[in-house]
Amino acid sequence: MFVLDSATPKVKVCVVYHSPYGHTAKVAQYIAQGAEQAGAEVHLLSVTAVQWELLDRADVIVIGCPTYMGSLTSALKQFMEDSSKRWLARTWQGKLAAGFTNGGGLSGDKLAVLQQINLFAMQHGMLWAGLPFMPTGRSPLDINRMSSFLGLMTQSDNASVEVTPPEGDLETARKFGKYLAELRIKHLEA
Numbered sequence: 001m002f003v004l005d006s007a008t009p010k011v012k013v014c015v016v017y018h019s020p021y022g023h024t025a026k027v028a029q030y031i032a033q034g035a036e037q038a039g040a041e042v043h044l045l046s047v048t049a050v051q052w053e054l055l056d057r058a059d060v061i062v063i064g065c066p067t068y069m070g071s072l073t074s075a076l077k078q079f080m081e082d083s084s085k086r087w088l089a090r091t092w093q094g095k096l097a098a099g100f101t102n103g104g105g106l107s108g109d110k111l112a113v114l115q116q117i118n119l120f121a122m123q124h125g126m127l128w129a130g131l132p133f134m135p136t137g138r139s140p141l142d143i144n145r146m147s148s149f150l151g152l153m154t155q156s157d158n159a160s161v162e163v164t165p166p167e168g169d170l171e172t173a174r175k176f177g178k179y180l181a182e183l184r185i186k187h188l189e190a
């Protein structure tokens, strides 16, 4: 476990996401909780109200959206295109990046979305961090129940955001946020 002390600069984490129905926003909130538990300064940013200066100052940028028809949402794609000035200036080069996606199916081609987010991060020269947790099983209470390693995959039933995604997916999201902040802290201390 890594603990921030007065000599360690505070890690800045931005979780940028698109969430038309609130399920992906809920996952983003759990990622943020985990990063905060590790001592990071965290900002949740919807792509509908991006604060570019916060992303420019971030040490870690976590990007996510629902999986729609095996792809990114158009709003997240627009965010990616709007970042082109930062791409050209290499503003985000060397930052830690990670991705997450939520969908109705257990698969639903979520891997394609994580690959698109990964490629976006690579285009910016960012350093990718995958999901390091071994699956504990396949039930809604298990960690990494979809056996994803490129990034976080969560699943929401066709129900309200108050009852879905399931607890195991949310706990995986929390652990992922904590892991990402601690990974960045580890690199700052090295």
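Residue 1 is where the sequence shown starts when you use full-length UniProt numbering, and the numbers rise one by one after that. Where is the CB? At the ideal position from N, CA and C, for every residue including glycine. None of the values given here were measured: they were computed from a predicted structure.
Determine the direct distance from the alpha carbon of serine 19 to that of glutamate 41, and round the result to whole angstroms. Your numbering for residue 41 matches position 41 in the sequence shown. Your numbering for residue 19 matches position 19 in the sequence shown. Roughly 22 Å between the two C-alpha positions.
What is the DSSP secondary structure of threonine 136, reduced to helix, strand or coil? Along the sequence shown, read from residue 1 onward, the residue named residue 136 stands at position 136. It is coil, neither helix nor strand.
Can you give me the Cβ contacts of methionine 1 inside the same chain, cut-off strictly under 8 Å, excluding the 5 residues immediately before and after it? Taking the first residue of the sequence shown as position 1, residue 1 is located at position 1. In this prediction, methionine 1 scores a pLDDT of 47, lower than 50, which makes its location untrustworthy; no coordinate-derived value is stated.
Applying the 10 Å Cβ sphere with the 16-neighbour rule, what's the burial state of asparagine 158? As a position in the sequence shown, residue 158 is number 158, starting the count at 1. Result: exposed.
DSSP state of phenylalanine 2, grouped into three classes? Here residue 2 corresponds to residue number 2 of the sequence shown, with the count starting at 1. Confidence is the limiting factor: at phenylalanine 2 the pLDDT is only 46, short of 50, which leaves the residue's position unreliable, though a coordinate-based value still follows. Looking at phenylalanine 2 - three-state DSSP - the assignment turns out to be coil, as it is neither helix nor strand.
Based on DSSP bridge pairs, tell me the residues matched to alanine 97. Translated into positions along the sequence shown, residue 97 becomes position 97. Answer is Ile61 and Trp128, bridged to alanine 97.
My understanding is that glycine 103 touches glutamine 155, with C-beta atoms under 8 Å, so please give their C-beta distance in whole angstroms. Reading the sequence shown from its first residue, position 103 is the one you call residue 103. Reading the sequence shown from its first residue, position 155 is the one you call residue 155. Their Cβ separation, rounded to whole angstroms, is 6 Å, which keeps glycine 103 and glutamine 155 in contact under 8 Å.
Local Cβ density within 10 Å of histidine 187, reported as buried at 16 or more and exposed below that: Numbered from 1 along the sequence shown, position 187 holds the residue referred to as residue 187. So histidine 187 counts as exposed.
Please find out if some non-hydrogen atom of the ligand FMN comes closer than 7 Å to the beta-carbon of serine 107. Inclusion of the ligand FMN in the displayed structure is not the case, the ligand content being empty and no account of it being possible.
Compute the Euclidean distance between the alpha carbons of residue 247 and serine 71, then round it to the nearest angstrom. Residue 247 is absent from the structure shown; the chain starts at 1 and stops at 190.
For leucine 4, which residues in the same chain have their Cβ closer than 6 Å to its Cβ, ignoring the five residues on either side in sequence? Residue mapping note: residue 4 aligns to position 4 of the sequence shown, counting from 1. Reliability fails at leucine 4, whose pLDDT of 48 lies under 50, so the model's placement of it is uncertain and the value that follows must be treated cautiously. Excluding positions up to five away in sequence, the list reads Gly39.
Which of the three DSSP states is assigned to glycine 34 in this structure? Here the question's residue 34 lines up with position 34 in the sequence shown. If DSSP states are grouped into helix, strand and coil, glycine 34 belongs with the helices.
Go ahead and pull the three-state DSSP assignment for valine 16. Translated into the one-based positions of the sequence shown, residue 16 becomes position 16. Valine 16: strand per DSSP, three-state reduction.
Please confirm if the stretch 23-33 is in contact with the stretch 166-182, defined as three or more CB-CB distances below 8 Å between the two stretches. yes
Considering only their Cβ atoms, is the gap separating asparagine 144 from phenylalanine 133 smaller than 8 Å? On the sequence shown, residue 133 is found 133 positions in, with the first residue counted as 1. On the sequence shown, residue 144 is found 144 positions in, with the first residue counted as 1. Going by C-beta atoms, phenylalanine 133 is nearer than 8 Å to asparagine 144.
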